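A.B. asks:
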Amino acid sequence: MRKIQLFSILVAGCVTAISTGCVSLDEHRQLQMAHRTLEAEKAQLEQELYDLRNSNSNLQTRLSSSEQHMRSKESLASNLQAENNRLQAAVGSAQRTVEELARQNVLQDPIIIESTKLPEALDNALQDFASRYPNSVTYDPRNGVVKWTSDLLFALGSDVVMDSAKNTLDGFAEIIRSPAAQDFDVMVIGHTDDRPIKRAETLRNHPTNWHLSTHRSIAVSNVLRDRGIAPDRIGVMGFGETRPIASNATEAGRGQNRRVEIFVVPKGSIAGQMAKQSQSGQDEVATRRSTQGDFTK
Numbered sequence: 670m671r672k673i674q675l676f677s678i679l680v681a682g683c684v685t686a687i688s689t690g691c692v693s694l695d696e697h698r699q700l701q702m703a704h705r706t707l708e709a710e711k712a713q714l715e716q717e718l719y720d721l722r723n724s725n726s727n728l729q730t731r732l733s734s735s736e737q738h739m740r741s742k743e744s745l746a747s748n749l750q751a752e753n754n755r756l757q758a759a760v761g762s763a764q765r766t767v768e769e770l771a772r773q774n775v776l777q778d779p780i781i782i783e784s785t786k787l788p789e790a791l792d793n794a795l796q797d798f799a800s801r802y803p804n805s806v807t808y809d810p811r812n813g814v815v816k817w818t819s820d821l822l823f824a825l826g827s828d829v830v831m832d833s834a835k836n837t838l839d840g841f842a843e844i845i846r847s848p849a850a851q852d853f854d855v856m857v858i859g860h861t862d863d864r865p866i867k868r869a870e871t872l873r874n875h876p877t878n879w880h881l882s883t884h885r886s887i888a889v890s891n892v893l894r895d896r897g898i899a900p901d902r903i904g905v906m907g908f909g910e911t912r913p914i915a916s917n918a919t920e921a922g923r924g925q926n927r928r929v930e931i932f933v934v935p936k937g938s939i940a941g942q943m944a945k946q947s948q949s950g951q952d953e954v955a956t957r958r959s960t961q962g963d964f965t966k
């Protein structure tokens, strides 16, 4: 009997031990699952942190680029304002110069170009010259005017004579150096169409069409001077858009208005003080170019 009781006690103890062992295993498995869940959440959070850091880096780069772009815009605005101030100062200086010339009575003498029938030898030479360049040169024997289309002499907005046009000026200079023209001078007159100058680089050098037409006249006179025409035989003028010969409403008309005319006139027929001012005007442009360079629109 006692043996049976001991056996019962042993069996009960084993059952209790087994029951206790099963509960611990379940808890262990639950802990493992919880651990894996936490590890996955940790990995996800680390990935999100990595993505956020990359996003922040990209935003910082974009911010830096935007700030640099803004600084560039501010620098451009500052440069444009400085250029505007310079142009205003140049206009003011030009106005003061005109007023001073008027005060000195320099501009009071009228500029008169007397047209006359040229001698036969000179007239024939100019007619033959124009016939050799029918696409770029015209000659009016009634008033001794040789006319060039500006588009064939200069690039748009420029006062630099193109190399392709210098051969015609070479031929004209040869005639003016000849004995047939020894008693004649030349007056170079520039004209433009009515379109205002807009490009900043052109405005720096030619604030108005009046400046552009005059600068082109001086450029042509410099070529003639380089070809052996004495400076005291050359006068220059510029009328800008004020003397059109065709309508500015069409491109064809504007092309006709953009021109350079050279009047062949008897010596002494240019009244006023233009002859005295021609050399000083050429020297002024030479000085301007030496400090600013050539100008192309």
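The numbering used here runs 669 ahead of the 1-based position in the sequence shown.
Even for Gly, the Cβ is constructed at its ideal location relative to N, Cα and C.
Source: prediction; values computed, not measured.
Decide if the stretch 929-937 is in contact with the stretch 801-818; the criterion is three or more beta carbon pairs, one per stretch, under 8 Å apart.
C.D. replies: Output reads yes: the stretch 801-818 touches the stretch 929-937.
A.B. asks: Any idea what DSSP makes of Tyr719, helix, strand or coil?
C.D. replies: Here Tyr719 sits in helix by DSSP.
A.B. asks: Count the other C-beta atoms from every protein chain shown that fall within 10 angstroms of the C-beta of Asp695, then say buried if there are 16 or more, exposed otherwise.
C.D. replies: Asp695 comes out exposed.
A.B. asks: Closest to Thr877 by C-alpha separation, out of Gly826, Pro810 and Ser744, would be which residue?
C.D. replies: Looking at the Cα atoms, Gly826 is the closest of the given residues.
A.B. asks: Ends of the alpha helix (DSSP H) at Thr837?
C.D. replies: Run containing Thr837: Lys835 to Arg846, per the alpha helix (DSSP H) assignment.
A.B. asks: Per DSSP, Val933 forms a beta bridge with which residues?
C.D. replies: DSSP, once it has assigned bridges, lists Val855 as partnering Val933.
A.B. asks: Using CA atoms only, rank isn't needed, just tell me which of Asn926, Val857, Gly924 and Asp863 is closest to Ile903.
C.D. replies: Among Asn926, Val857, Gly924 and Asp863, the Cα nearest to that of Ile903 belongs to Val857.
A.B. asks: With three or more C-beta pairs closer than 8 Å as the rule, is the stretch 837-850 touching the stretch 907-927?
C.D. replies: Counting Cβ pairs under 8 Å, fewer than three are found: no touch.
A.B. asks: DSSP state of Phe908, grouped into three classes?
C.D. replies: In this structure, Phe908 counts as coil in the three-state DSSP scheme.
A.B. asks: His884: which of Met906, Leu821 and Met739 sits nearest, CA to CA?
C.D. replies: It is Met906 whose Cα lies nearest to the Cα of His884.
A.B. asks: Pull up the DSSP beta-bridge partners for Asp809, would you.
C.D. replies: For Asp809, which the question treats as bridged, DSSP gives the partners Val814.
A.B. asks: Alpha carbon to alpha carbon, what distance is there between Ser747 and Ala869?
C.D. replies: Cα to Cα, Ala869 sits roughly 15 Å from Ser747.
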